[in-house]
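Asker: No gaps in the numbering here: position 69 of the sequence shown is 1031 in my numbering, and each next residue is one more. A virtual CB, placed ideally from N, CA and C, is assigned to each residue, including glycine. A quick note: this is a predicted structure, and the numbers were derived from the prediction, not measured. Sharing a structure, written as structure tokens. Questions coming.
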Amino acid sequence: METFPNHHGRDYTVTLSTDEFTCVCPKTGQPDFASISIQYIPDRKIVESKSLKLYLWSFRNEGVFHEHVTNIILEDLVAALQPRWCRVSAEFAVRGGISIKVEAEYQSKKD
């Protein structure tokens, strides 16, 4: 993921979302579709949106469980941005009569 400098010292929330996220069920090989919402309070870096889109597309053919991919996205965002706070919410389309929503959150220790 590419980043650029945050020029503002105050807290503010950035929200990015997509309803085009896909990955593959590691058990069945069937595609899983999700809406992803990312919220974060930047510290020194802001994510460049096109690079985020390409990063999210990289999961298209990955066999990964919903809970795991949500946490991977959070961990990668934290590593790239070192934000003050970040939350990733993933709401997966119903499959087999069950819907799954996963939320993973990070809070900077310096706050």
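Measuring CA to CA, which of 965, 963, 972 and 983 is closest to residue 1051?
Answerer: That would be 983, whose Cα lies nearest to the Cα of residue 1051.
Asker: Does the Cβ of residue 1017 lie closer than 6 Å to at least one heavy atom of the ligand ADP?
Answerer: Among the components of this structure there are no ligands whatsoever, and the ligand ADP is therefore not found.
Asker: Thinking residue 1068 and residue 1040 are a contact (beta carbons under 8 Å), I'd like their distance in whole angstroms, please.
Answerer: Yes, residue 1068 and residue 1040 are in contact; Cβ-Cβ is about 5 Å, under 8 Å.
Asker: Would you say residue 997 and residue 981 are within 7 Å of each other, going by their C-beta atoms?
Answerer: Contact flag set, yes.
Asker: Does the Cβ of residue 975 have 16 or more other Cβ atoms within 10 Å, making it buried, or fewer, making it exposed?
Answerer: When all chains shown are included, residue 975 counts as exposed.
Asker: Ends of the beta strand (DSSP E) at residue 1029?
Answerer: No beta strand (DSSP E) holds residue 1029; the alpha helix (DSSP H) holding it covers 1028 to 1043.
Asker: If you run the structure through DSSP and keep just helix, strand and coil, what is residue 1017?
Answerer: Helix, per DSSP.
Asker: Give a yes or no on contact between the stretch 1034 to 1049 and the stretch 986 to 1006, applying the rule of three or more CB pairs nearer than 8 Å.
Answerer: Result yes; three or more Cβ-Cβ pairs closer than 8 Å.
Asker: Return yes when the Cβ of residue 963 is within less than 7 Å of the Cβ of residue 1002, no when it is not.
Answerer: Taking 7 Å as the Cβ cut-off, residue 1002 and residue 963 do not qualify as a contacting pair.
Asker: For residue 1065, I'd like the list of residues in its chain whose CB is within less than 6 Å of its CB, leaving aside the five on either flank, ordered along the chain.
Answerer: 1051, listed in sequence order.
Asker: If you draw a straight line from the C-alpha of residue 1013 to the C-alpha of residue 1063, how long is it?
Answerer: Their Cα atoms are separated by approximately 24 Å.
Asker: Just the C-alpha distance for residue 1008 and residue 1049, rounded to the nearest angstrom, thanks.
Answerer: The straight-line gap from Cα to Cα measures roughly 15 Å.
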